[in-house]
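Visitor: Residue numbers are given in the numbering used here: position 400 of the sequence shown equals residue 557, and the series is strictly consecutive.
Pasting a structure below so you can have a look.
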Amino acid sequence: AAATAAGTRATTLRVISTNDFHGALEARPDGNAGLRGGAAQFATAIQRIEADCRGTCASVLVDGGDEFQGTPASNLAFGRPVVALYNALGYAAAAVGNHDFDWGQDTLRARMRDAKYGMLAANVTYADGRPVPWIRADTIVERGGLKVGIIGLANVNTPTLTMPRNVADLRFLQPAPIVNARAKALRARGADAVIVIAHAGASCNADTCSGDMAELARAAAGNVDAIVGGHTHTEFTAVIDGIPLVRARSSGRSVAYVDVPVDRAARRALDPKEVFVGTDTLPPAPAIAALVAAATAPVQALVSRPIAKVPETLRRGGPQYPLGNLIADAQRAATHADVAVMNNGGIRANLNAGEATYGALFEIQPFGNQLVRIPVTGAELRAYFERVVARAVTTHVSGAIVTYDPARPAGSRIVELTVGGKPVDPSARYTLAMSDFMATGGDGYAIPNVDARTEATGIVDLDALLEYVRAMPGGAVRADPTVRIREVQSP
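Put into structure tokens, the structure is as follows:
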């Protein structure tokens, strides 16, 4: 990574970053008859960006978290192929993302032991405030004669973004005070530059930037030299209070970088950039292509198994869409429930037109969540949907139609609630199905005080979807386009 002449100290640090790789070892359709990503092309993009950093420039490669979760080749090996990939590419450090906890703390610790790079989260402690000895806060690496301090941050909302029981004994703290203190300590240890890798997002409009990354940049101005983000899966670059912020696209579809002069007085116009990864524009790196082939071969027969035909692509887009209805319908059918709800955050990919394979359906629902049934009264069901519509709607429903007025006071926004085409009876009994992730607090969609009533079904969410689409007439997947949680129409 150090592209300077022997004995020469670099004057510029090139920060190269990725994030939210989600086990995407193979390229994915881009929606325009092309392919994006793929670890072999992703590696070529990184290698070219590194090779272009010559003369007085040195580069450091880091990641914004969520490395493993999402594909059969990665999931069925609990993330080992991704660690092997990152080791081969020479990553210096990665933030700990919320989905890096999905298989529990023991598995995360095992992947940390495999990694030649640091997996960092300075803002994680035990519930009593003690540091977590197996989660490193920061590191210093040397590149081109420069000592580069790196601070990692987990998402503060991780307790509702992974299975809650996996992090029940941990706390995820607001990062700004921690970053400022760590940055000063790293400089005292000799760091020439300090960068933050945060599993957090930001966005900008014409007037201002907002989000966790932007707030951190304002709070840490003068203490850090660059911030790498993640979590929200879209590309983002900005400069806030003199600090460059970068975030690449998810699943290896792009690589971000920024050149930062080490001498602050030499900094003028910082210019963060993004390189998009396409199979038609970048050749594969041979060694990485071999690594991918070795990782994908053991699951090839499984992922290529045909399940059904898809007449037209079902995309994720907006708060309500047919693919979400399809998944909620599958869960209601599998559990024989009156109503089922599915959180949009658990729908991870589009279902493309053509043959739906096991692998394609796996990538839509890769988490392996178990479905549960919860007996509720009509009054409890109504109160639940009041909570759903109290914020931006990010869930799908099956078996019910919810009509609400966002202008009404909280707790009284439901205008009409029907189940099976009939108005809900407050005293009647209904059965509500959802994943155990949602039932235990994931995404904030739990129903309070029903733990004793919750019934485990032993059904995995993916299995429910597989069986549902297999049983469709003619083996053709069709989804209901009805908007089932909808705002009341103005007169």
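Heads up, the beta-carbon is just placed ideally off N, CA and C, and yes, glycines get one too.
Note that this is a predicted model, so its numbers are computed, not measured.
Does the segment 383-391 come close enough to the segment 341-357 to have 3 or more Cβ pairs within less than 8 Å?
Guide: Touching, per the Cβ criterion.
Visitor: Rounded to the nearest angstrom, what separates I504 and Q522 at their Cα positions?
Guide: What you label residue 504 is simply residue 347 of the sequence shown in a count that begins at 1. What you label residue 522 is simply residue 365 of the sequence shown in a count that begins at 1. Their Cα atoms are separated by approximately 6 Å.
Visitor: Taking the beta carbon of N362 as the centre, do at least 16 other beta carbons fall within 10 Å, making it buried, or is it exposed?
Guide: In the sequence shown, the residue the question calls residue 362 occupies position 205. That one is exposed.
Visitor: Tell me, to the nearest whole angstrom, how far the beta carbon of S555 is from that of Q488; I am working on the premise that it is less than 8 Å.
Guide: Numbered from its first residue, the sequence shown carries residue 555 at position 398. Numbered from its first residue, the sequence shown carries residue 488 at position 331. 7 Å between Cβ atoms; contact.
Visitor: By Cβ distance, which residues of its chain are closer than 7 Å to L459, with the 5 residues on each side in sequence left out?
Guide: Here residue 459 is taken as the residue at index 302 of the sequence shown, counted from 1. Result list for L459: P229 and Y515, in chain order.
Visitor: Indicate whether A564 and F542 have their beta-carbon atoms separated by less than 9 Å.
Guide: Walking along the sequence shown from the start, residue 564 turns up at place 407. Walking along the sequence shown from the start, residue 542 turns up at place 385. Against a cut-off of 9 Å, the Cβ pair of F542 and A564 comes out as no contact.
Visitor: Leaving out the 5 sequence neighbours to the left and right, which residues in its chain are closer than 7 Å to L303 when beta-carbon positions are compared?
Guide: Within the sequence shown, the letter at position 146 stands for residue 303. R166, A167, L170, A215, D349, A350 and V419.
Visitor: Decide if Q646 is buried, meaning its Cβ has at least 16 other Cβ atoms within 10 Å, or exposed.
Guide: Taking the sequence shown and counting its residues from 1, one reaches residue 646 at position 489. When all chains shown are included, Q646 counts as exposed.
Visitor: I need the boundaries of the beta strand (DSSP E) containing T614, first residue and last residue.
Guide: Here residue 614 refers to the residue found at position 457 when the sequence shown is read from its first residue. Unbroken beta strand (DSSP E) run through T614: E612 to V617.
Visitor: Can you name, in chain order, every residue of its own chain whose Cβ lies under 7 Å from the Cβ of N232, other than the five neighbours on each side?
Guide: For this step, residue 232 is matched to residue 75 along the sequence shown. Cβ within range, chain order: G180, Q226 and P523.
Visitor: For R395, which residues from the same chain have a beta carbon less than 6 Å from its beta carbon, with the 5 sequence-adjacent residues on both sides left out?
Guide: Taking the sequence shown and counting its residues from 1, one reaches residue 395 at position 238. Here residue 395 is Ala; the residue named in the question, Arg, does not match the sequence. Result list for A395: C361, C366 and L402, in chain order.
Visitor: If you check the beta carbons only, do A442 and A621 fall under 9 Å apart?
Guide: Translated into the one-based positions of the sequence shown, residue 442 becomes position 285. Translated into the one-based positions of the sequence shown, residue 621 becomes position 464. Taking 9 Å as the Cβ cut-off, A442 and A621 do not qualify as a contacting pair.
Visitor: With a Cβ-Cβ cutoff of 9 Å, do A590 and R530 count as a contact?
Guide: The residue labelled residue 590 in the question sits at position 433 within the sequence shown. The residue labelled residue 530 in the question sits at position 373 within the sequence shown. Yes; because the gap between Cβ atoms is below 9 Å, this pair is in contact.
Visitor: Determine the burial state of Y283: buried for a count of at least 16 other Cβ atoms within 10 Å of its Cβ, exposed for fewer.
Guide: Reading the sequence shown from its first residue, position 126 is the one you call residue 283. Exposed, by the Cβ-count rule.
Visitor: Measuring CB to CB, does I292 end up less than 9 Å from V281?
Guide: Locating residue 292 in the sequence shown gives position 135, where the first residue counts as 1. Locating residue 281 in the sequence shown gives position 124, where the first residue counts as 1. Yes, they are a contact pair.
Visitor: Just verifying my parser: in three-state terms, what is the DSSP assignment at Q527?
Guide: Sequence index remark: in the sequence shown, residue 527 carries index 370 (1-based). Note: Q527 maps to strand in three-state DSSP.
Visitor: Which one of D285, A547, V498 and D637 has the shortest CA to CA distance from L528?
Guide: Counting from 1 along the sequence shown, the entry for residue 528 is found at position 371. It is V498.
Visitor: Express the C-alpha separation of E512 and E644 in angstroms, rounding to a whole number.
Guide: Walking along the sequence shown from the start, residue 644 turns up at place 487. Walking along the sequence shown from the start, residue 512 turns up at place 355. In a straight line, the C-alpha of E644 is about 35 Å away from that of E512.
Visitor: Compare the beta carbon distance of N244 and A208 with 9 Å and say whether it is the shorter of the two.
Guide: Indexing the sequence shown from 1 puts residue 244 at position 87. Indexing the sequence shown from 1 puts residue 208 at position 51. In this structure, A208 does not lie closer than 9 Å to N244 by Cβ.
Visitor: Quick check: the segment 565-583 against the segment 615-635, are at least 3 beta-carbon pairs closer than 8 Å?
Guide: Taking 8 Å as the limit for Cβ pairs, the verdict is that the segment 565-583 does not touch the segment 615-635.
Visitor: Which residue wins for smallest C-alpha separation from F235, given the options P630, G212 and T264?
Guide: One-based indexing of the sequence shown puts residue 235 at position 78. Ranking the options by Cα distance to F235, first place goes to T264.
Visitor: Would you identify the three-state DSSP class for F594, choosing helix, strand or coil?
Guide: Taking the first residue of the sequence shown as position 1, residue 594 is located at position 437. F594: helix per DSSP, three-state reduction.
Visitor: A325 to V617, Cα distance in whole Å?
Guide: Locating residue 325 in the sequence shown gives position 168, counting from the first residue. Locating residue 617 in the sequence shown gives position 460, counting from the first residue. So the alpha carbons of these two residues sit roughly 23 Å apart.
Visitor: Can you check which of these residues, L439, P440, A413 and A422, is closest to D428 by C-alpha distance?
Guide: Start at 1 with the first residue of the sequence shown, and residue 428 comes out as number 271. That would be A413, whose Cα lies nearest to the Cα of D428.
Visitor: Where does G632 sit, in a helix, a strand or coil, going by DSSP?
Guide: Taking the sequence shown and counting its residues from 1, one reaches residue 632 at position 475. It is helical.
Visitor: Under a Cβ-count criterion, where at least 16 other Cβ atoms within 10 Å of its own Cβ denotes burial, should E573 be classed as buried or exposed?
Guide: As a first step, residue 573 is located in the sequence shown; it is residue number 416 there, counting from the start. Classification of E573: exposed, given that the 10 Å Cβ count is below 16.
Visitor: For R425, which option in V172, G399 and A338 has the closest C-alpha, if you only look at C-alpha atoms?
Guide: Position 268 of the sequence shown holds residue 425. Checking every option, the nearest Cα to that of R425 belongs to G399.
Visitor: In this structure, how does DSSP classify I464 when only helix, strand and coil are distinguished?
Guide: If you number the sequence shown from 1, residue 464 lands on position 307. The answer is strand: DSSP assigns I464 an E or B state.
Visitor: Less than 9 Å separating the beta-carbons of D223 and D257?
Guide: What you label residue 223 is simply residue 66 of the sequence shown in a count that begins at 1. What you label residue 257 is simply residue 100 of the sequence shown in a count that begins at 1. Contact: yes.
Visitor: Taking Cβ to Cβ, would you say L182 is nearer than 9 Å to V434?
Guide: Within the sequence shown, the letter at position 25 stands for residue 182. Within the sequence shown, the letter at position 277 stands for residue 434. The answer is no: Cβ separation not under 9 Å.
Visitor: Quick check: T315 and L327, are their CB atoms within less than 9 Å of each other?
Guide: Taking the sequence shown and counting its residues from 1, one reaches residue 315 at position 158. Taking the sequence shown and counting its residues from 1, one reaches residue 327 at position 170. Yes. Within cutoff.
Visitor: Going along the chain, which residues of its own chain have a beta-carbon closer than 6 Å to the beta-carbon of M595, five neighbours each way excluded?
Guide: As a working mapping, residue 595 is identified with position 438 in the sequence shown. N500 and Y602.
Visitor: Quick one: using the 10 Å Cβ neighbour count with 16 as the cut-off for buried, is S461 buried or exposed?
Guide: The residue labelled residue 461 in the question sits at position 304 within the sequence shown. S461 should be labelled exposed.
Visitor: What's the call for A633, buried or exposed, on a 16-neighbour Cβ count within 10 Å?
Guide: By 1-based counting over the sequence shown, the position of residue 633 is 476. Exposed.
Visitor: Where Y248 and Y274 are concerned, what is the direct C-alpha to C-alpha distance, given to the nearest angstrom?
Guide: As a working mapping, residue 248 is identified with position 91 in the sequence shown. As a working mapping, residue 274 is identified with position 117 in the sequence shown. Y248 and Y274: Cα-Cα distance of roughly 6 Å.
Visitor: Given a threshold of 16 other Cβ atoms within 10 Å of its Cβ, counted over all protein chains shown, does E537 qualify as buried or as exposed?
Guide: The residue you call residue 537 lines up with position 380 of the sequence shown. Looking at its Cβ environment, which holds 16 or more other Cβ atoms inside 10 Å, E537 is buried.
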